[in-house]
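Residue numbers (my numbering): 2 to 692. Cβ atoms here follow ideal geometry from the backbone N, Cα and C, with glycine treated the same way. As the structure is a computational prediction, the values presented were derived from the model and not from experiment.
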């Protein structure tokens, strides 16, 4: 027991108790002297203890616990181990692990099992299933280190074939615990041909030719061997190549030249036909997933007069291969007689009336347009265009502002790096006056004057469903690109992305659908959880929620899957879970306001095939990992030796002491003890005739 005050105060507590008892019981009492002394002692004890509690005494207790050393069995349960380890060796390894666990537990160790499958419950080593689609040994070992950071971790027994295809290289990473590596798999070279990689552009334009380059890896075949490589789509062979496998090499390449079909998502399959004596055909196949889009978007860049903005915009647009650009300046470059997908109108309509033919063409053909306002702009004519923004300047005055993203704007996003770059932009002039957003218009950027973030729009999207329009209220954005290029090695990525995304948003098909269901990614991998988002609208295109939606997926074999869910205001997606690789077409249906609505589209699920690429085990990697931690490499026949080596390492239990401080006044039994003593004193006095 400890005190927060000097122990000499205990004497004062006793004196107070003795004085109180003497004062109360020194007079003649109607009961016997024995009872009088007993009652005086009770009063002395109670008062002294109450005074003692004022000194804030507390109890100090020490609890000792002993933690046995823990050995973690880290098992590489990837597909490559199950596919390419001889069954007898794999059985010997899993049974040996189970016996090692029993042996170590009998010698005072705690034994736990961990696998590559994150979140799964540890299983008995001899009941593991080798189905993990990728191998990240560093992630497995790092996770063990973090999970046992404050515990008595003696070491890790790592069972693997050494084939790593994700994460950091474990042989170059230092871990704080010993690693006893056990090598499985087969290190003997085999006759094998594989497709480690396909090289192609993810996006191709309809009608254009694009290459698919296939890289072949091979081993164990003599000079003059020829492999047959097929390019297929939906089981139909499109092209066939005969590829010679040169001696003295282990890799070669071949290229297919394909003409892009109609727009949509496509899956092409490249297959190497199995050669005589080949060990496995599991790695002879790979898929190419492409998004075939309409031909390049045609952009018209028109200005009232030469200006640095035009050069900056031109440079940003030409960075993207999806655009064809034509320029128009009155009296300098003529207007070409062709259709455009989107127009950039710099200070048009102009006060001088130039560019009227461009404005007439944009209006007549309902071309989406980005208006850039400046000193030469005719604001009265601009306000009549129904862009969703009305600008009323006050004379020729301007404000100097920088861009600030609107946090509620969701049509496209701004990266963290872009936000930092925006903050470093030099101020650009905007018209001083009133800028009022119309119905349906939304600001993507606000104006910041100095350090003051305002709610005045800088970049606005509006217009009508028939003609999308946007407005940038400054003619000084060229300074932004120039500043960014100077500070970031001639890479003004934030400015260029802003221009390109603005044009892409303007050229998207107007959404007149009341039901909009879409995959949350362009493509998923087979281990991924495939998710869909959904938006529903009423008759006047206001967002509504709580609508029941039925989604039907159809794969390439015309097998269907049906899901039903309800969209919610928090934007929670529909989770379909992992799906087999392939191109799926989906149809979504819902009844909105008594009317049946439907939406459809496509989603790609890609097969990674990481584990089938390499059939040869890499025990040298396991040797380096173990050697770096001060241990060695073992094989499945050496589990008895491994158990002895762990025992010889003489790992000790760790004793932990835990001190607990508890205020004496918080002990409930003391309250009841004091209450009981005072009750006995009071009852004795009443019974004996006292007051």
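Helix, strand or coil for residue i? Go by DSSP, reduced to three states.
| i | result |
| --- | --- |
| residue 447 | strand |
| residue 640 | helix |
| residue 511 | Bear in mind that the predicted position of residue 511 carries a pLDDT of just 48, short of 50, making it too unreliable to give a figure here. |
| residue 562 | strand |
| residue 1 | What the structure shows of the chain is the stretch from 2 to 692, and residue 1 is not part of that stretch, so it cannot be assessed. |
| residue 308 | coil |
| residue 469 | strand |
| residue 388 | coil |
| residue 288 | strand |
| residue 137 | coil |
| residue 132 | coil |
| residue 144 | helix |
| residue 426 | coil |
| residue 256 | strand |
Straight-line CA distance for residue i to residue j?
| i | j | result |
| --- | --- | --- |
| residue 314 | residue 600 | 36 Å |
| residue 568 | residue 415 | 26 Å |
| residue 278 | residue 109 | 50 Å |
| residue 317 | residue 502 | 11 Å |
| residue 1 | residue 656 | Here the chain covers residues 2 to 692 and nothing more, so residue 1 does not appear. |
| residue 405 | residue 444 | 10 Å |
| residue 129 | residue 283 | 22 Å |
| residue 686 | residue 31 | 9 Å |
| residue 330 | residue 337 | 11 Å |
| residue 489 | residue 481 | 12 Å |
| residue 254 | residue 224 | 17 Å |
| residue 462 | residue 231 | 48 Å |
| residue 199 | residue 137 | 22 Å |
| residue 118 | residue 534 | 27 Å |
| residue 292 | residue 256 | 19 Å |
| residue 63 | residue 69 | 20 Å |
| residue 360 | residue 484 | 32 Å |
| residue 15 | residue 690 | 28 Å |
| residue 676 | residue 5 | 25 Å |
| residue 621 | residue 294 | 47 Å |
| residue 161 | residue 89 | 15 Å |
| residue 549 | residue 374 | 45 Å |
| residue 674 | residue 114 | 52 Å |
| residue 35 | residue 682 | 13 Å |
| residue 209 | residue 603 | 22 Å |
| residue 285 | residue 524 | 22 Å |
With 16 as the cutoff for other CB atoms within 10 Å, does residue i come out buried or exposed?
| i | result |
| --- | --- |
| residue 186 | buried |
| residue 133 | buried |
| residue 177 | exposed |
| residue 617 | buried |
| residue 8 | exposed |
| residue 515 | buried |
| residue 476 | buried |
| residue 364 | exposed |
| residue 345 | buried |
| residue 246 | buried |
| residue 75 | buried |
| residue 381 | exposed |
| residue 422 | buried |
| residue 635 | buried |
| residue 78 | buried |
| residue 530 | exposed |
| residue 205 | buried |
| residue 512 | Residue placement at residue 512 cannot be trusted, given a pLDDT of 48 that sits under 50; the coordinates are not used to answer. |
| residue 447 | buried |
| residue 347 | buried |
Tell me, please, whether the segment 386–395 touches the segment 467–482 by the rule of three or more beta-carbon pairs shorter than 8 Å. yes
At a cut of 8 Å, does the segment 562–579 reach the segment 480–500 through at least three beta carbon pairs? no
Contact between the segment 284–299 and the segment 333–353 is defined here as three or more beta-carbon pairs at a separation below 8 Å; is this criterion met? yes
Could I get the ranges of all uninterrupted alpha helix (DSSP H) runs contained in the segment 543–615, with 4 residues as the minimum, in chain order? none
Is it true that the segment 137–157 meets the segment 577–597, where meeting means three or more beta-carbon pairs spaced less than 8 Å apart? no
When you compare the segment 155–175 with the segment 611–631, are there three or more beta-carbon pairs, one atom per stretch, that lie closer than 8 Å? yes
Would you check if the segment 192–204 and the segment 641–648 touch, i.e. whether three or more CB-CB distances between them fall below 8 Å? no
At 4 residues or longer, what runs of the alpha helix (DSSP H) sit wholly inside the segment 315–381? 357–366
In chain order, what are the residue ranges of uninterrupted alpha helix (DSSP H) at least 4 long that sit wholly in the segment 179–237? none
Sufficient close CB pairs (3 or more, under 8 Å) joining the segment 47–54 to the segment 12–27: yes
Contact between the segment 146–154 and the segment 91–99: three or more CB pairs below 8 Å? no
Unbroken alpha helix (DSSP H) runs of length 4 or more, entirely within the segment 66–108: which are they? 80–85 and 88–107
Beta strand (DSSP E) runs wholly inside the segment 611–687, at least 3 long, in chain order: 655–664
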